[in-house]
């Protein structure tokens, strides 16, 4: 009788453990995206590539912009516009890319500039350039740094190298943008 009771308790414990593990595995990921406080007044964002096209920088910027188009945002490449992408040699600054933006008093982005530092990015493969551009464009669209594995992780090159050559916005990145637009 006592062994029968022990077996029932063990079964109940096993079922409870299985349910607990499954609920953790199936739970929606916690929100990790962070906003920078600004967004464009419209989900239709016009951007342009300024200056020289050295190697595959322009093509990788085009692909990165298109990668954000799976969200509510539509990035359109024009000859001019309020969102500028370019390359420059910043020397050994520690940054592969940089984005600056200006906001109105109503938290609307009025101007943004994203650039890649050729000092750090000339030798990286195309897909990593796409990842860095996508990260910088994410800032220009309104996101701050996020957690590892997302394109908005503070090291987009690390996300590319360490998380399966990711160069597209991940679910959390997309959720962040979709919450803004």
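Residue numbers (mature numbering (1 follows the signal peptide of the UniProt record, and there is no 0)): -32 to -1, 1 to 149.
Virtual Cβ for every residue (Gly too), placed ideally from N, Cα, C.
Keep in mind it's a predicted model, so treat the numbers as computed, not measured.
Original post:
Helix, strand or coil: how does DSSP classify residue 93 here?
Top reply: coil
**OP:** Starting from residue 65, follow the beta strand (DSSP E) in both directions and report where the run begins and ends.
**Re:** 65 to 71
Subject >> Inter-stretch contact (C-beta, 8 Å, three-pair minimum) for the region 45 to 59 and the region 111 to 123 >> reply: no
**OP:** Could I get the ranges of all uninterrupted alpha helix (DSSP H) runs contained in the region 3 to 52, with 4 residues as the minimum, in chain order?
**Re:** 25 to 36
Subject >> Three-way DSSP call (helix, strand, coil) for residue 113 in this model >> reply: coil
**OP:** Run the CB neighbour count on residue 60, radius 10 Å, all protein chains shown included, and call it buried at 16 or more, exposed below.
**Re:** exposed
Original post:
So who's on the other strand from residue 80, going by DSSP bridges?
Top reply: 51, 69
Subject >> Counterpart residues of residue 121 in DSSP-defined beta bridges >> reply: 114
Original post:
Alpha carbon to alpha carbon, how far is residue 1 from residue 99?
Top reply: 17 Å
Original post:
With respect to 8 Å, is the separation between the Cβ of residue 32 and the closest non-hydrogen atom of the ligand ZN below this value?
Top reply: Annotation note on the ligand ZN: not contained in the displayed structure, which lists no ligands.
Original post:
Helix, strand or coil for residue 87 per DSSP?
Top reply: helix
**OP:** Going by CA-CA distance only, name the one from 20, 42, 28, 12 that's closest to residue 93.
**Re:** 28
Subject >> Residue closest to residue 32, alpha-carbon to alpha-carbon, out of 147, 74, 124 >> reply: 124
**OP:** Give the straight-line distance between the Cα atoms of residue 21 and residue 45, rounded to the nearest whole angstrom.
**Re:** 15 Å
Original post:
What did DSSP end up calling residue -12 once you bin it into helix, strand or coil?
Top reply: Because the pLDDT at residue -12 is just 36, under 50, the model does not fix this residue reliably, and the value given afterwards should be weighed accordingly. Helix.
Original post:
Looking only at C-alpha atoms, which of 97, 64, 75, 79 sits nearest to residue 87?
Top reply: 64
Original post:
Going by Cα to Cα distance, which pick from 23, 149, 142 is closest to residue 84?
Top reply: 23
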